[in-house]
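Novice: Numbered according to our numbering, the sequence shown spans residues 791 to 1358. All C-beta atoms in this analysis are idealised placements derived from N, C-alpha and C, irrespective of residue type, glycine included.
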Amino acid sequence: MEKISTSVLEVKNLSVDFISDMERTHAVQQISFELEAGKTLALVGESGSGKSVTAMSIVQLLPPQQTRYPQGEIWLRLGEERLNLLNCSNDKLEQIRGKEIGFIFQEPMTSLNPLMRCGEQVTEMICKHLDVSHSEAEKKTLALFEEVDLPNPPAILKRYPHELSGGQKQRVMIAMAISCNPQILIADEPSTALDATVQKTILDLLKKLQVKKNMALLFITHDLQLVKNFADDTLVMYRSRMIEKSSSKNLFENPLESYTRGLLSCRPEPGKRIRKLPTVEDMISGKIVEKDNIISEESFEQQIAEIIQQPVLLEIKDLKISYSIQKNFWGKTIRQFDALNGINLTIRKGETLGLVGESGCGKTSLGKAIVGLNEYSDGTILYQGKSIWEMNREEKQKYCREVQMIFQDPYSSLNPALQIGKAIIEPMAVHGLWNTHERIAKMESLLLQVGLLPEHAHRYPHEFSGGQRQRICIARALALQPKLLICDESVSALDVSVQAQILNLLLELREAFNLSYLFISHDLGVVKHISQHIAVMNQGLVVEYQDANALYHSPQNTYTQKLIAAAM
791 MEKISTSVLE VKNLSVDFIS DMERTHAVQQ ISFELEAGKT LALVGESGSG KSVTAMSIVQ
851 LLPPQQTRYP QGEIWLRLGE ERLNLLNCSN DKLEQIRGKE IGFIFQEPMT SLNPLMRCGE
911 QVTEMICKHL DVSHSEAEKK TLALFEEVDL PNPPAILKRY PHELSGGQKQ RVMIAMAISC
971 NPQILIADEP STALDATVQK TILDLLKKLQ VKKNMALLFI THDLQLVKNF ADDTLVMYRS
1031 RMIEKSSSKN LFENPLESYT RGLLSCRPEP GKRIRKLPTV EDMISGKIVE KDNIISEESF
1091 EQQIAEIIQQ PVLLEIKDLK ISYSIQKNFW GKTIRQFDAL NGINLTIRKG ETLGLVGESG
1151 CGKTSLGKAI VGLNEYSDGT ILYQGKSIWE MNREEKQKYC REVQMIFQDP YSSLNPALQI
1211 GKAIIEPMAV HGLWNTHERI AKMESLLLQV GLLPEHAHRY PHEFSGGQRQ RICIARALAL
1271 QPKLLICDES VSALDVSVQA QILNLLLELR EAFNLSYLFI SHDLGVVKHI SQHIAVMNQG
1331 LVVEYQDANA LYHSPQNTYT QKLIAAAM
C-alpha cells in the first residue's frame, strides 16, 4: 500500500516541455521533492537549469499554449484534501494563487504595477482572497508593511513603485505574498538583484516570517553559498534534471556530484586569495586545484610593493558630479542631487583598483565620468599627468582609445543587428587602426584570446550565452589596445560558474597586456579576488581605501565593516 504523504506540497516525477516551431524542448525532466510546513527547501542551479520553470509549474503560470506536462503530479494539501494542481480548473487555481501559495518574483520593479500605489496593490490582493471590507484590507496592509520592516509604512502606502529603492520594492512584494497567510511561499531569486547588505536583511526577514507563520518555503537561487545557513534541504539542478538532494549541512560538508563541488568552489571567498578560480568544467573533467594556486600574504605584499613603484596612469582629484532634479520656470536648477562629493583616487600601470559600494553610491557615475559619458561639475581627471579637459584633439582620441569600458549587461551593449565579428572590427575602423585584412586578423585573434572561435564571427549576439556575450564585449574593448579598462559590474549578471571563467580571463589578460582595471562591483568577494587595492564608496564619498587584504582583515570604517559582515 502506498504511503500517504503528510507534506503540504509534493512534486512527483514532474516533466515540463516547451513547444515552439514544431520543436520540443525538455525544460524539466522527472523532478521530485516535498515541502514540509515550517521548512525551507532550496532549489539551486544555473540559468536555464529549470528552477523557475519548476516553480512556475506549481502555480501554473507558464503559457498553456506552449507548455506540455508529459508526466508528473503536483499535490497540494488543503486540510484533509489533496489536490493535483495539474488537473485544476482556472477558477480553482485563481483561488489557490495568493491564498494558499504566495509567490515572490525575482524583479520587483517589473512585478509591481507602476501605475498603482504600493498600498493599493496589496489591498487588492487581500480583498480578492479574504472576506474583508476595503478599509479592513487597508489596515491589514499597513500592519503588513510594519511587519516587513518598511520605513514609515503610512508614507509607503501612498507611494508608487518607482519612488522606492530595490530593497523596499522587494519588501512590498513580500508583504503582498504573505498577505493572505499562505501555507507555502515560493521565492524566485528574491535577493539576486540586491546589494549584499540589503540581501542579508531580506533573507533574515524571510526566515523571521517563515518561523512566525510556520510556512513552507521554496527558495530558488543560482548561488549555492547563499543557502548554506538558510535552507534545511537543498536540491541541485543541472540541465533540467535533479542531480543531487540532501540536507544543506550534508551537501556543503560532503557534496557527492562533481557539478555541486564545482558550484561550491568557483565563487571567490573573501578570506582566501587564489590565482585561478576553479570552474564547474574543471570539476566535471576531474581537474584538481593545486595547492600553489593559493597566493600567500607575503606574495601579495610583494605584489603591492611592485605596484606602488609603477607610474600613475589615471589620477582623480576632488571630482564632483551633480544632477539637476528640479528647475524653475527660467531653467535654473533649484534642487540637485550630488552623486559624487569630492573623489580622490589613483590607478597605476598594471594595477586593479576595486570600487565597492551599494547601489546609488556613485560607482557607475564615476566610471562614466572617466570615459566621458558623464559630465562633472568640479575636479580634475588626469591621464598620464594631463587633464583630459586640456587635451588637444589627437591626445583626446588617444585617451578614448586607451581607456575603455565594459558594461554590466552585455546584451544591451551589443548591436543585435550586427554580427559579432563586425562589432569587434567597428571600433578599429572608427579610430582608423590598420587596414581591412589586418582588422579581420586582429578580430579573429581577439576571439581566440577570450575563449571563442574565429568561426563565431558571423553569428549575432542572441546566438550566444550571457557569459559568451561578455567575452565578446571584452574582445571589443581590447580591440583598441587599451591601457585601462573600466569594468562596471561586468560579472554581476552572470552565473557563478560563468563569473569564475570571466574573472580568470580578466586576470590572464591583465598579466598578458599589463592592463590596469577599475573594477566596479557591489560584491566584496569578487572585488577582493581581482583587486590589489579597494576603495569603498558610500553616498558619493570614498569612506575607506586600503590594499585588498588589509581592508578585509582590518576595516576601519563602520560602513566597510557592515559590507564585510554581509558578505560572510
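Looking only at its chain, what residues have a beta carbon closer than 8 Å to the beta carbon of Tyr1349, apart from the 5 residues adjacent to it on each side?
Specialist: Cβ neighbours of Tyr1349 beyond the five flanking positions: Val1326, Asn1328, Val1333 and Glu1334.
Novice: Exposed or buried, which one is Arg1029 when buried takes at least 16 other CB atoms within 10 Å?
Specialist: By the 10 Å Cβ count, Arg1029 comes out exposed.
Novice: If you draw a straight line from the alpha carbon of Glu928 to that of Lys889, how long is it in whole angstroms?
Specialist: Going by the C-alpha atoms only, they are around 17 Å apart.
Novice: Can you tell me the Cα-Cα spacing of Ser1235 and Ile1215, whole angstroms?
Specialist: Cα to Cα, the separation comes out at about 12 Å.
Novice: Mind checking Lys1081: buried by the 16 CB within 10 Å criterion, or exposed?
Specialist: Its pLDDT being 43, under 50, Lys1081 is placed unreliably by the model, and the measurement read from it follows with that caveat. Classification of Lys1081: exposed, given that the 10 Å Cβ count is below 16.
Novice: Please identify the residue among Met915, Tyr950 and Arg887 whose C-alpha is closest to the C-alpha of Leu934.
Specialist: Ranking the options by Cα distance to Leu934, first place goes to Met915.
Novice: Who does Tyr1173 pair with in a DSSP beta bridge?
Specialist: Looking at the DSSP assignment, Tyr1173 forms a beta bridge with Leu1104 and Lys1176.
Novice: State the DSSP-derived secondary structure class of Ala845, mapped to helix, strand or coil.
Specialist: In the structure shown, Ala845 sits in a helix (DSSP, three-state: H, G or I).
Novice: Compute the Euclidean distance between the alpha carbons of Leu1067 and Phe893, then round it to the nearest angstrom.
Specialist: So the two alpha carbons sit approximately 35 Å from each other.
Novice: Specify the secondary structure class of Lys1081 as computed by DSSP and reduced to three states.
Specialist: Confidence at Lys1081 is low in this model, with a pLDDT of 43, below 50, so the placement of that residue should be treated as unreliable; the coordinate-derived value is given next. Here Lys1081 sits in helix by DSSP.
Novice: Can you say whether Gln1346 is buried or exposed, counting buried as having 16 or more other CB atoms within 10 angstroms of its CB?
Specialist: Under this definition Gln1346 is an exposed residue.
Novice: Check Asn1339 in the structure and name its three-state DSSP category.
Specialist: Residue state, collapsed to three classes: helix.
Novice: First and last residue of the alpha helix (DSSP H) that includes Lys1352?
Specialist: Where Lys1352 is concerned, the enclosing alpha helix (DSSP H) stretches over Thr1348 to Ala1357.
Novice: Since Thr913 and Gly957 are thought to touch, with beta carbons under 8 Å apart, how far apart are those beta carbons, to the nearest angstrom?
Specialist: Not a contact, Cβ separation roughly 22 Å.
Novice: Does DSSP classify Trp808 as helix, strand or coil?
Specialist: Sequence check: residue 808 is Phe here, not Trp. Correct three-state label for Phe808: strand.
Novice: Got a sec? Which residues, its chain only, sit under 8 Å from Pro943 by beta carbon, not counting five neighbours each side?
Specialist: Correct list, in chain order: Leu932, Phe935 and Glu936.
Novice: Taking Cβ to Cβ, would you say Gln1209 is nearer than 8 Å to Arg1249?
Specialist: Against a cut-off of 8 Å, the Cβ pair of Arg1249 and Gln1209 comes out as a contact.
Novice: Near Thr815, what residues of its chain come up, given a Cβ to Cβ distance below 6 Å and the 5 sequence neighbours on each side ignored?
Specialist: For Thr815, where only same-chain residues beyond five positions count, the Cβ hits under 6 Å are Phe808.
Novice: Taking Phe1020 as the reference, which of Gly1147, Ala832, Ser822 and Glu1087 has the closest Cα?
Specialist: Nearest option by C-alpha distance: Ala832.
Novice: Whole angstroms are fine: how far does the CA of Leu799 sit from the CA of Thr1142?
Specialist: Straight-line Cα distance between these residues: approximately 49 Å.
Novice: Considering only residues of the same chain and omitting the five flanking positions on each side of Pro972, which have a CB-CB separation below 8 Å?
Specialist: So the list reads Gly888, Lys889, Glu890, Ile891, Gly892 and Met1005, once near-sequence residues are dropped.
Novice: Classify Asp811 as buried or exposed, calling it buried when 16 or more other Cβ atoms lie within 10 Å of its own Cβ.
Specialist: Exposed, because fewer than 16 other Cβ atoms sit within 10 Å of the Cβ of Asp811.
Novice: How would you call His1012, buried or exposed, if buried means at least 16 neighbouring beta carbons within 10 angstroms?
Specialist: Buried, because 16 or more other Cβ atoms sit within 10 Å of the Cβ of His1012.
Novice: Could you check which residue in Trp1224, Gly1175 and Gly909 has the C-alpha nearest to that of Ile946?
Specialist: Looking at the Cα atoms, Gly909 is the closest of the given residues.
Novice: Would you kindly check if the distance between the Cβ of Pro1217 and the Cβ of Arg1259 is under 8 Å?
Specialist: No, Cβ-Cβ distance for Arg1259 and Pro1217 is not below 8 Å.
Novice: Where does the unbroken alpha helix (DSSP H) through Arg1191 begin, and where does it stop?
Specialist: Element bounds for Arg1191: Arg1183 to Glu1192.
Novice: Let me confirm a value: Ala1219 is counted as buried when at least 16 other C-beta atoms fall within 10 Å, else exposed. Which label applies?
Specialist: By the 10 Å Cβ count, Ala1219 comes out exposed.
Novice: Given 7 Å as the limit, tell me if Val1161 has its C-beta closer than that to any heavy atom belonging to the ligand PLP.
Specialist: The ligand PLP is absent from the structure shown, which contains no ligands of any kind.
Novice: Check for me: the alpha helix (DSSP H) holding Gly1257 runs from which residue to which?
Specialist: Start and end: Gly1256 to Leu1268.
Novice: Could you check whether the segment 1167–1185 touches the segment 1104–1121, counting it as contact only if at least three pairs of C-beta atoms, one from each stretch, sit closer than 8 Å?
Specialist: Result yes; three or more Cβ-Cβ pairs closer than 8 Å.
Novice: Using only alpha-carbon positions, find the residue among Gly1144, Ser925 and Gly828 that is nearest to Asp1023.
Specialist: Out of Gly1144, Ser925 and Gly828, Gly828 has the C-alpha closest to the C-alpha of Asp1023.
Novice: Leaving out five residues before and five after Ala1357 in sequence, what residues of the same chain have Cβ atoms less than 7 Å from its Cβ?
Specialist: Counting only Cβ-Cβ distances below 7 Å, and skipping sequence neighbours, we find Ala986, Pro1060, Leu1314 and Gly1315.
Novice: Can you tell me the Cα-Cα spacing of Lys918 and Leu875, whole angstroms?
Specialist: Distance between the alpha carbons of Lys918 and Leu875: 20 Å.
Novice: Look up Lys1062 in the DSSP assignment and say whether it is helix, strand or coil.
Specialist: In the structure shown, Lys1062 sits in coil (DSSP, three-state: anything other than H, G, I, E or B).
Novice: Look up Ala1151 in the DSSP assignment and say whether it is helix, strand or coil.
Specialist: Note that residue 1151 is Cys in the sequence shown, not Ala. Of the three classes helix, strand and coil, the one that applies to Cys1151 here is coil, per DSSP.
Novice: Would Pro860 and Ser797 be called neighbours here (beta carbons separated by less than 8 Å)?
Specialist: Against a cut-off of 8 Å, the Cβ pair of Ser797 and Pro860 comes out as no contact.
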